[in-house]
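Working notes, structure below.
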Amino acid sequence: MEKHKKILIVDDDENIIQTLKMRLEANGYKVFTASNGVEGLEQAKEVGPDLILLNIMMPRLDGIMTTLKLKGTEQIRSIPVIIMTGIKEKEEMVLARHVGAADYITKPFEHDELLKKINKLLP
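First residue of the sequence shown: 218, per my numbering; consecutive thereafter.
Here's what the structure looks like:
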């Protein structure tokens with residue numbers, strides 16, 4: 218029996234968390250959630266997810282700073298991060314890549330598009 222891949226969703230929008238959680242679980246992923254970057258870092262260390270979906274605009278610690286902290290922490294730096302952003306500005310996406318995000322997706326996104334990105338990072 219194949220071990221289920223673990224995905225951590227970090228977003229301050231409860232609707233997005235619940236929708237993503239339901240869809241990812243339906244696709245066989247084990248899902249963990251956090252509502253801000255601080256919680257996200259704690260969860261990442263605790264559960265060791267295979268992938269992190271990270272919103273860029275959040276209270277306490279935004280997605281860019283959270284990614285920087287993830288990539289600066291030995292035990293979790295190799296976890297791929299997909300940044301989720303509602304911002305269409307190129308600078309945010311360039312910055313996300315620059316701090317170590319593996320990919321990004323702009324909201325609202327198609328679920329199939331997100332699954333393709335996840336499957337590319339989790340063979």
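Note that beta-carbon positions come from the ideal geometry of N, C-alpha and C, so glycine has one too.
Residue environment for F249: buried (at least 16 other C-beta atoms within 10 angstroms of its C-beta).
When only Cα atoms are considered, I296 and T236 end up about 22 Å apart. Our two residues, E263 and E308, have alpha carbons roughly 32 Å apart in a direct line. Around the beta carbon of G245, a 10 Å sphere encloses fewer than 16 other beta carbons of the protein chains shown; the residue is thus reported as exposed. If you draw a straight line from the Cα of V298 to the Cα of L331, it comes to about 12 Å.
If one requires a minimum length of 3 residues, the beta strand (DSSP E) runs lying completely within the segment 221-247 are 223-227, in chain order.
Nearest Cα to F326 within the set R294, L285, R240: R240.
The DSSP-derived three-state label of V298 is strand. In the same chain as P266, and ignoring 5 residues on each side of it, the C-beta atoms closer than 8 Å to its own belong to K223, I224, L225, F249, Q260, I296, in chain order. Partner residues in a beta bridge of I335, as assigned by DSSP, do not exist.
For I273, no alpha helix (DSSP H) segment is defined, and its DSSP state is neither H nor E.
Here DSSP, grouped into helix, strand and coil, assigns T250 to strand.
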